[in-house]
Amino acid sequence: MGFVVAVDGPAASGKGTIAARLGAAFGLPVLDTGLLYRAVGVLCERAGHDPGDGAAAATVAAALSAEQLGDPALRTRRAGELASRVAVHPAVRAALLDLQRAFARQESGAVLDGRDIGTVICPQAPAKLYVTATPEVRAERRWKQLAAQGEAADYAEVLADTRRRDARDGGRETAPMACAADAILLDTTEMTIEHAADAARRIVEAARARWEASKASP
Ligand code: CDP
């Protein structure tokens, strides 16, 4: 197996940007696994399914293809909410498992970002990060990001969304959002994205050196 980097953490913690920067720095392909759940949520809504219907959502998840992940509709606030509602279903998570593991198994190695990469999808990953920040700071970042996309929103509502999503993602029974025992915690509350990406790169560099040394030893 190539060098796999697992980047987990709550909404708007900076994990997506960090994962993209790590991919560029280490020459690894990146999978934003949140997009898979966003796509399932949005496609369910378009098909008229209730996001609470796990069987219908699992059928949508099983038919998902990588080409469906480029849709800008997946970046909206609504898509984030729908994603976390379909993500509670064990059958949905099971239907998305092979695609994620196949991505991680590429010979080149890979970076995957999400909620359960270090705990469930790639528990053997040699580099694991858990990126977090306070709900207030994350809500402010998400609010600015939505405004830049042309989706004006009220800060108080975005903060309420953030808290609700944290509670749902961390409280679900199957693969809850969690920091793996062997992950390094990166709290970005007081960091610029440049600073956070730099700190992440140094952590991964050290993990890569350890991984290479362990491969070389008999
Ligand atoms: O960008 P943001 O952090 O808001 O969300 P995302 O990473 O796109 O994920 C959207 C939702 O998908 C999350 O709130 C989770 O409920 C779900 N998700 C998950 O359950 N497992 C993952 N590996 C990734 C996302």
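The sequence shown maps to residues 1488 to 1705 in this note's numbering.
The C-beta atom is built at its ideal place from N, Cα and C for all residues, glycine as well.
Alpha carbon of residue i to alpha carbon of residue j, nearest angstrom
| i | j | result |
| --- | --- | --- |
| residue 1614 | residue 1500 | 18 Å |
| residue 1578 | residue 1678 | 37 Å |
| residue 1540 | residue 1639 | 30 Å |
| residue 1587 | residue 1546 | 17 Å |
| residue 1607 | residue 1580 | 10 Å |
| residue 1529 | residue 1694 | 36 Å |
| residue 1624 | residue 1646 | 9 Å |
| residue 1626 | residue 1632 | 10 Å |
| residue 1648 | residue 1696 | 39 Å |
| residue 1565 | residue 1701 | 44 Å |
Start and end residues, alpha helix (DSSP H) containing residue i
| i | result |
| --- | --- |
| residue 1658 | 1642-1658 |
| residue 1547 | 1541-1549 |
| residue 1530 | 1521-1533 |
| residue 1506 | 1502-1513 |
| residue 1566 | 1564-1573 |
Contact set for residue i: own chain, Cβ-Cβ below 8 Å, skip 5 residues either direction
| i | result |
| --- | --- |
| residue 1595 | 1489, 1514, 1515, 1516 |
| residue 1593 | 1489, 1516 |
| residue 1538 | 1528, 1531, 1532, 1544, 1569, 1572, 1573 |
| residue 1670 | 1493, 1495, 1605, 1615, 1616, 1617 |
Residue range of the unbroken beta strand (DSSP E) whose run includes residue i
| i | result |
| --- | --- |
| residue 1616 | 1614-1619 |
Rounded distance between the beta-carbons of residue j and residue i, thought under 8 Å
| i | j | result |
| --- | --- | --- |
| residue 1656 | residue 1622 | About 12 Å separates the two Cβ atoms, so there is no contact after all. |
| residue 1744 | residue 1583 | A query on residue 1744 cannot be resolved here, the shown segment of the chain reaching from 1488 to 1705 and no further. |
| residue 1675 | residue 1667 | The Cβ separation is near 18 Å, so there is no contact. |
| residue 1612 | residue 1491 | 4 Å |
| residue 1506 | residue 1600 | 4 Å |
| residue 1628 | residue 1509 | In fact, because the Cβ distance is near 19 Å, the residues do not count as touching under 8 Å. |
| residue 1526 | residue 1555 | 5 Å |
Nonlocal neighbours in the same chain, by C-beta distance under 7 Å from residue i, ignoring five residues either side
| i | result |
| --- | --- |
| residue 1562 | 1636 |
| residue 1650 | 1622 |
| residue 1630 | 1640, 1642, 1645 |
6 Å Cβ shell around residue i - same chain, five flanking residues per side excluded
| i | result |
| --- | --- |
| residue 1496 | 1502, 1617, 1618, 1619 |
| residue 1659 | 1575 |
| residue 1662 | 1580, 1603, 1607 |
| residue 1559 | none |
| residue 1504 | 1680 |
| residue 1598 | 1492, 1506, 1509, 1510, 1515, 1517 |
Report the start-end ranges of each alpha helix (DSSP H) in the stretch 1671-1704 that is 4 residues or longer and not cut off at the edges. List check, alpha helix (DSSP H) in window: 1680-1703.
Sequence ranges, alpha helix (DSSP H) only - wholly within the stretch 1575-1636, length at least 4: 1577-1591, 1622-1635, all fully within the stretch 1575-1636.
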